[in-house]
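Peer 1: Submitted below is the structure of interest, expressed as C-alpha cells.
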Amino acid sequence: MFAVYSFSLGIFSVGLWPQLPGISWLIGGFFVCIFMHALRFKLFVFLAWGLLYGACWGQYALSHQLPEEVSPSDFLVTGEVVGLPVSDGRRVRFNFRLRGDDRPHDLKMLRLSWYYHDATLRPGQVWQLRVKLRRPRGTVNPGGFDYHTWLIRQGVSATGYVRDTEENRIISRHSSVNSLRFQLRETIQLLPIDDGGKALILALTLGDRSLISPKLWDRLALSGVVHLVVISGLHIGLVALLSYCLGALLARFLGLLGWPLTVRYWGSVLSLIVVIFYSAMAGFSLPTQRALIMVVVAIVVLLLNRHVSRGLGFGTALAVVAIVDPLAIFGAGFWLSFGAVAGLLWLVPTAFNTSLWRTLLKIQWLVFAVLLLPLMVCFLPIAWLSPLVNLVAIPWISFLVVPLCLLAAITSPVSTTLSGWLWSAAGWQLELFITMIEAVPSLDFLPRYSPWPLTGFIVCTLSLVIGLVLLPRGIPGRYLCVPLALGLLLIPSGYSRPLVVTILDVGQGLSVVVKTRHRTLVYDTGTSFGKGFSTGSAVVAPFLRRQGTSVLDMLVISHSDNDHAGGTAGLLGAFSPSQLRVGEALELSEVPGRDEISSEFCRSGESWVWDEVMFSFLHPGKQGGNSNNNRSCVLQIQYADQSILLPGDIEADVEGQLLNNPQLATPVTLLVAPHHGSKTSSSYNLVKRLNPANVVFSAGYRHHFGHPALPVTERYQRQGSRLWNTAESGALTFTWSDSGLISVSEARSQSKRYWY
Numbered sequence: 001m002f003a004v005y006s007f008s009l010g011i012f013s014v015g016l017w018p019q020l021p022g023i024s025w026l027i028g029g030f031f032v033c034i035f036m037h038a039l040r041f042k043l044f045v046f047l048a049w050g051l052l053y054g055a056c057w058g059q060y061a062l063s064h065q066l067p068e069e070v071s072p073s074d075f076l077v078t079g080e081v082v083g084l085p086v087s088d089g090r091r092v093r094f095n096f097r098l099r100g101d102d103r104p105h106d107l108k109m110l111r112l113s114w115y116y117h118d119a120t121l122r123p124g125q126v127w128q129l130r131v132k133l134r135r136p137r138g139t140v141n142p143g144g145f146d147y148h149t150w151l152i153r154q155g156v157s158a159t160g161y162v163r164d165t166e167e168n169r170i171i172s173r174h175s176s177v178n179s180l181r182f183q184l185r186e187t188i189q190l191l192p193i194d195d196g197g198k199a200l201i202l203a204l205t206l207g208d209r210s211l212i213s214p215k216l217w218d219r220l221a222l223s224g225v226v227h228l229v230v231i232s233g234l235h236i237g238l239v240a241l242l243s244y245c246l247g248a249l250l251a252r253f254l255g256l257l258g259w260p261l262t263v264r265y266w267g268s269v270l271s272l273i274v275v276i277f278y279s280a281m282a283g284f285s286l287p288t289q290r291a292l293i294m295v296v297v298a299i300v301v302l303l304l305n306r307h308v309s310r311g312l313g314f315g316t317a318l319a320v321v322a323i324v325d326p327l328a329i330f331g332a333g334f335w336l337s338f339g340a341v342a343g344l345l346w347l348v349p350t351a352f353n354t355s356l357w358r359t360l361l362k363i364q365w366l367v368f369a370v371l372l373l374p375l376m377v378c379f380l381p382i383a384w385l386s387p388l389v390n391l392v393a394i395p396w397i398s399f400l401v402v403p404l405c406l407l408a409a410i411t412s413p414v415s416t417t418l419s420g421w422l423w424s425a426a427g428w429q430l431e432l433f434i435t436m437i438e439a440v441p442s443l444d445f446l447p448r449y450s451p452w453p454l455t456g457f458i459v460c461t462l463s464l465v466i467g468l469v470l471l472p473r474g475i476p477g478r479y480l481c482v483p484l485a486l487g488l489l490l491i492p493s494g495y496s497r498p499l500v501v502t503i504l505d506v507g508q509g510l511s512v513v514v515k516t517r518h519r520t521l522v523y524d525t526g527t528s529f530g531k532g533f534s535t536g537s538a539v540v541a542p543f544l545r546r547q548g549t550s551v552l553d554m555l556v557i558s559h560s561d562n563d564h565a566g567g568t569a570g571l572l573g574a575f576s577p578s579q580l581r582v583g584e585a586l587e588l589s590e591v592p593g594r595d596e597i598s599s600e601f602c603r604s605g606e607s608w609v610w611d612e613v614m615f616s617f618l619h620p621g622k623q624g625g626n627s628n629n630n631r632s633c634v635l636q637i638q639y640a641d642q643s644i645l646l647p648g649d650i651e652a653d654v655e656g657q658l659l660n661n662p663q664l665a666t667p668v669t670l671l672v673a674p675h676h677g678s679k680t681s682s683s684y685n686l687v688k689r690l691n692p693a694n695v696v697f698s699a700g701y702r703h704h705f706g707h708p709a710l711p712v713t714e715r716y717q718r719q720g721s722r723l724w725n726t727a728e729s730g731a732l733t734f735t736w737s738d739s740g741l742i743s744v745s746e747a748r749s750q751s752k753r754y755w756y
C-alpha cells in the first residue's frame, strides 16, 4: 500500500524543484531505478520511479513551450478551436490546438485573445491565423493566483493574440463534444431565467463559470458553497451514486422478468457511462478528471469483488492523479477534494452507527474541519456557518438541481419542450438558492479569513490541532487540541517589524502594501482586465489575507488610470478601508455598498503617524496638476532617518516642483520609480536630488511600452542606485528592523520553480 504513496510523493515533489536535471541525468536515473528494483528496495524504488516520471514530464512540458529567445514573435499557424470560447465584449479568449507537421517550435496548445472580432468562434473550427506569441509567464506574489503554473497544467505552449490581417481565414469545421457543449451553452443563454440562475446552470452543466458575476461569486464564497457550483468530486461522486442505484434497480426489475443480470455489474456500468458523459459535458477539465479518476477507481474495486483497504484505494486514486497532473498540488481543488475524501473515509467505520441526522451533522463537521487548513493556506473564505448552509445546500443542489440539469442536457437534442421545462425547473430552484445565500453573510459575524500571517509554525500547529480533533474518543492526548487552539488565539495579530513595504507584481501597473506594527496602507491597486477580473481581487486581496490583515486602514489611489486604479473595485469587494484618499475622482459604480464609501483628495501638507512611522502627502497641492499623471498622490513614508517615496505617475514638471520641498532634502532609501521608469519621468535633477539607495520599477515583462526606458536606468545606475524590477523579481518586500537595517526578498526567487 505504501508503494503507491511513495510513487505519488516522488512525482509531486519534482514540482518543488527549482531546476530539472538534464537528459543524461534522467537516463542515469532510469538505470538506477532498474538496479534498485533488482535489490527489492520497494519503497525507494517507487519513490525513484515517481521522481523519474515527474522529471520526464517536466522536460516534456518545457520542450513544447515557445523558446525565450523568440518571445515575442509573429507566426502563421493552423489549428483547431477547442473548449468554449469566452467573450467579454472587447475580446474573445480561446484555446487553439495546432495542427500539422510544420508547427513552429513544436508548439501544441495556444491560449489566444482575438480583439474586436465580429464572427462567432465555435469549437471544431479549423483556422489559419496570424498570431503574436509569448512564452507562458505570469506574475508572482505571495498568496496570489499563479497564472504561469495554471498555464503549464493546462498544457499551454504559448499565449498571445490574433493580428487583424487578411491571412486569417477559416479552413474547415467538424463536430465534437465541445460543439455539443457550445450548442447547449447557446440554448441555456436564451432561457427565460434571471442572469444568476442562468450562470449557475452553465456552471453546473458545462463547467463554464464565465457568466458568474463577481458579486454572485463573492456571495457563494462567503457562504462556503463555491464547491457546489463547480463540477467537482462532490457532484461526480453523487451522480455516480445515483446512477449506480438506478442501474441496480433496473437490473433487479429485469431480473424479475427473467433476465438474470448482475446488480453490481449493471449498476457499475451505468454509473460509469453517466459519469463519463457528465465529465465530457464539463470538458474534461482537470478538477473533473480528478473526480472521474476517483470514481473509476471505486468502480474497479467494486467490480473486482475483492476486499481492498481504504488506504490502498485512496492511494491508487492519488497515484493516477499524479500521473495525469503532476502539478496538481499547486491547485486548491486538489487539497479540498482529497481532504474531503480522506475525511469521509476516516468516518466510514462509525458513520452509520447513529441516526441519519446525527450522521449528516457528523459528516458536515468532519469535512469542515478537514478542509479548514486548505482553505486558510489557499486564502479562501472560511464561512463559519458553512456546515449548516451545506447541510441544506448539498442535497438540494446535488440530488435535485444537478439531475434536472443533466436530464435537460440529455433530452435537449430530442425534445426542446421537455428540456425547456427541465431547465426552467432547475433555474427556479437556483433562484431560491441564490436568495438563501444572499442572507448568509449578514448572519455570519465571525472573521472569514485567517487572523494571522500563515507562517510554517502556525500551519503545523493548526494541522496538529485538526489531527487531534479527528482522533477517535478514548485516544490519549486527544484533548491537547484545546490548549493548542487557545494558544493560537493568543498569538498577537500585529507585525513584529516596525515597517514592511511590498511592491506587488501586477504586471504593467502599480500596487504597494505598507504595513507598520498594527496598521496597513495600500497604495494603488493595479489593473482591471474586464469581466470582473482585476489585480485588486486576484493579487492585492489574497496578499493581504496571507499577511493576516483583517482591517485595511487606508487605501490611496494615486490617480484614475487603469493601471493604478483598475483593481479598486475588486479590492473593495474584499476589504472596506477605514479611509480612502484619491488623486482624482473615481468611478465606483461596480462596488457593492459604494454609498458607504467616502473619499477625500490627497493634499500636500497632510501627514499622520502610525506606530513609529510618519506618512506625508507631498503632492498635489491646491492647484492640482495639468494631466492625469501629474495629479498623482505623492506619498512619503519616514521611519527613523530613512524615507520611502511613492510618486505615482508624475512627470518632469511635477518633479521640478518637488525639488523645492524641504522634506526631500535627504537621500531617499527606497524610491518607486515615477511612471514605471518612463522617459517622461525620473529627470536628471530629481535623480540627483533624491540620490535613492534602492529604485523599484513596477513594469510588465517585455511590455510594449518598453518600461523602464534605458536612459532612465542608466541615469539611476550612474547615481549608484540599486535597481529592482518586479517583472524580473516578482513581488519585492523591503523589511526594516528595529535597528533600521533593511532586508529585501524577491518572490520569484523564494518560490522558484523549474518552469519559471
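441 is the number that the working numbering gives to position 441 of the sequence shown; each next residue is one higher, with no gaps.
Ideal placement from N, C-alpha and C gives every residue a C-beta, glycine not left out.
1) For residue 106, verify whether its CB is less than 7 Å away from any heavy atom of the ligand MN.
2) I'd like the span of the alpha helix (DSSP H) that includes residue 201, first residue to last.
3) Any idea what DSSP makes of residue 711, helix, strand or coil?
4) Do you know offhand how far residue 157's Cα is from residue 103's?
5) Using a Cβ-Cβ cut-off of 8 Å (strictly less than) and excluding sequence neighbours within five positions of residue 318, which residues of its own chain qualify?
6) Return the Cβ separation of residue 709 and residue 679 in integer angstroms, given the expectation that the two are a contact with Cβ distance under 8 Å.
7) Between 279, 235 and 414, which lies nearest to residue 833 when the distance is taken from Cα to Cα?
8) Our contact map puts residue 97 next to residue 69 with C-beta atoms below 8 Å; I'd like the distance itself, whole angstroms only.
9) In this structure, what does DSSP give as the bridge partners for residue 619?
10) Out of 702, 721 and 435, which has the shortest C-alpha to C-alpha gap to residue 692?
11) Could you give the residue range of the alpha helix (DSSP H) that holds residue 63?
12) Could you tell me the alpha carbon to alpha carbon distance between residue 155 and residue 544, rounded to whole angstroms?
13) Excluding sequence positions up to five away, which residues of its chain have a Cβ less than 8 Å from the Cβ of residue 191?
14) Indicate the three-state DSSP secondary structure (helix, strand or coil) for residue 158 in the structure shown.
15) Pick out whichever of 143, 409 and 76 has its Cα sitting closest to the Cα of residue 504.
16) Check whether the segment 697 to 716 and the segment 734 to 741 are in contact - that is, three or more C-beta pairs closer than 8 Å.
17) Under a Cβ-count criterion, where at least 16 other Cβ atoms within 10 Å of its own Cβ denotes burial, should residue 446 be classed as buried or exposed?
18) Taking its Cβ as the centre, do 16 or more other Cβ atoms sit within 10 Å of residue 33, making it buried, or is it exposed?
19) Leaving aside the five residues before and after residue 758 along the sequence, list all residues of the same chain whose C-beta is less than 8 Å from its C-beta, in chain order.
20) Tell me where the beta strand (DSSP E) around residue 758 begins and ends.
21) How should residue 687 be labelled, buried or exposed, when 16 other C-beta atoms within 10 angstroms of its C-beta is the threshold for buried?
22) Candidates 650, 699, 717 and 744: which alpha carbon is nearest residue 725's?
23) Locate the beta strand (DSSP E) running through residue 561, then write down its first and last residues.
24) Assuming residue 534 and residue 569 are in contact, meaning their beta carbons sit under 8 Å apart, how far apart are those beta carbons, in whole angstroms?
25) Under three-state DSSP, which class holds residue 316?
26) Along the chain, where does the alpha helix (DSSP H) containing residue 8 start, and where does it finish?
27) Across the segment 236 to 246 and the segment 386 to 403, are there enough close Cβ pairs to call them in contact, namely three or more that are closer than 8 Å?
28) Give the DSSP bridge partners of residue 501, in chain order.
29) Given residue 508, which residues of its chain have a CB within under 8 Å of its CB, disregarding the five upstream and five downstream residues?
30) Using 8 Å as the cut-off, can you tell me whether the segment 515 to 523 makes contact with the segment 649 to 664, which would need three or more C-beta pairs spanning the two stretches below that distance?
31) DSSP three-state label for residue 186, please.
32) Do the CB positions of residue 110 and residue 160 come within less than 8 Å of each other?
33) Is residue 108 helix, strand or coil when you go by DSSP?
34) Identify whether residue 445 lies in helix, strand or coil by the three-state DSSP scheme.
35) Three Cβ pairs or more, each shorter than 8 Å: is that satisfied between the segment 579 to 586 and the segment 628 to 644?
36) Less than 6 Å between C-beta atoms, sequence neighbours within five positions excluded: which residues of the same chain meet that for residue 647?
Peer 2: On the basis of the data shown:
1) Of ligands this structure carries none, so the ligand MN is not represented either.
2) Note, residue 201: alpha helix (DSSP H), 195 to 206.
3) The DSSP-derived three-state label of residue 711 is helix.
4) Residue 157 and residue 103 have their C-alpha atoms some 11 Å from each other.
5) Cβ within range, chain order: 4, 5, 8 and 338.
6) Here residue 709 really is in contact with residue 679; their C-beta atoms are around 4 Å apart, less than 8 Å.
7) Past the boundaries of the shown model lies residue 833; the chain is included only from 1 to 756, so the question cannot be answered.
8) Cβ atoms of residue 97 and residue 69 stay farther apart than 8 Å, at about 24 Å.
9) Paired residues: 634.
10) Of the candidates 702, 721 and 435, the one whose C-alpha sits nearest the C-alpha of residue 692 is 721.
11) In the DSSP annotation of this structure, the continuous segment of the alpha helix (DSSP H) that includes residue 63 starts and ends at 42 to 63.
12) Using only the alpha carbons, I get a separation of about 31 Å.
13) Closer than 8 Å at the Cβ level, and outside the excluded window around residue 191, lie 198, 201, 420, 423, 424 and 427.
14) Per DSSP, reduced to three states, the secondary structure at residue 158 is strand.
15) Nearest neighbour of residue 504 by Cα position, chosen from 143, 409 and 76, turns out to be 143.
16) With a cut-off of 8 Å, the segment 734 to 741 and the segment 697 to 716 do not count as touching, because too few Cβ pairs lie within range.
17) Because the pLDDT at residue 446 is just 48, under 50, the model does not fix this residue reliably, and the value given afterwards should be weighed accordingly. In summary, residue 446 is exposed, with fewer than 16 beta-carbon neighbours lying within 10 Å of its beta-carbon over all protein chains present.
18) The residue is buried, with at least 16 neighbouring Cβ atoms inside 10 Å.
19) Summary: the structure shown does not reach residue 758, with the chain confined to residues 1 through 756, and so no result is reported for it.
20) Outside the displayed range of the chain (1 to 756) lies residue 758, so it cannot be described from this structure.
21) With 16 or more Cβ atoms within 10 Å of its Cβ, residue 687 is classed as buried.
22) That would be 699, whose Cα lies nearest to the Cα of residue 725.
23) Here residue 561 belongs to no beta strand (DSSP E), and DSSP marks it neither H nor E.
24) In this structure, residue 534 and residue 569 form a Cβ contact; the two beta carbons are roughly 7 Å apart against a cut-off of 8 Å.
25) In this structure, residue 316 counts as helix in the three-state DSSP scheme.
26) Start and end: 2 to 14.
27) Contact check between the segment 236 to 246 and the segment 386 to 403: three or more CB pairs, one atom from each, fall below 8 Å, which counts as touching.
28) 514 and 734.
29) Excluding positions up to five away in sequence, the list reads 527, 563, 676, 699, 700, 703, 705 and 707.
30) These segments do not touch.
31) DSSP places residue 186 in helix when its eight states are reduced to three.
32) With contacts defined as CB atoms closer than 8 Å, residue 110 and residue 160 qualify as a contacting pair.
33) Residue 108: coil per DSSP, three-state reduction.
34) Confidence in residue 445 is poor, its pLDDT being 48 and thus under 50, which makes the residue's placement too unreliable to answer from.
35) Because the criterion of three Cβ pairs below 8 Å is met, the segment 579 to 586 and the segment 628 to 644 touch.
36) Cβ within range, chain order: 634 and 674.
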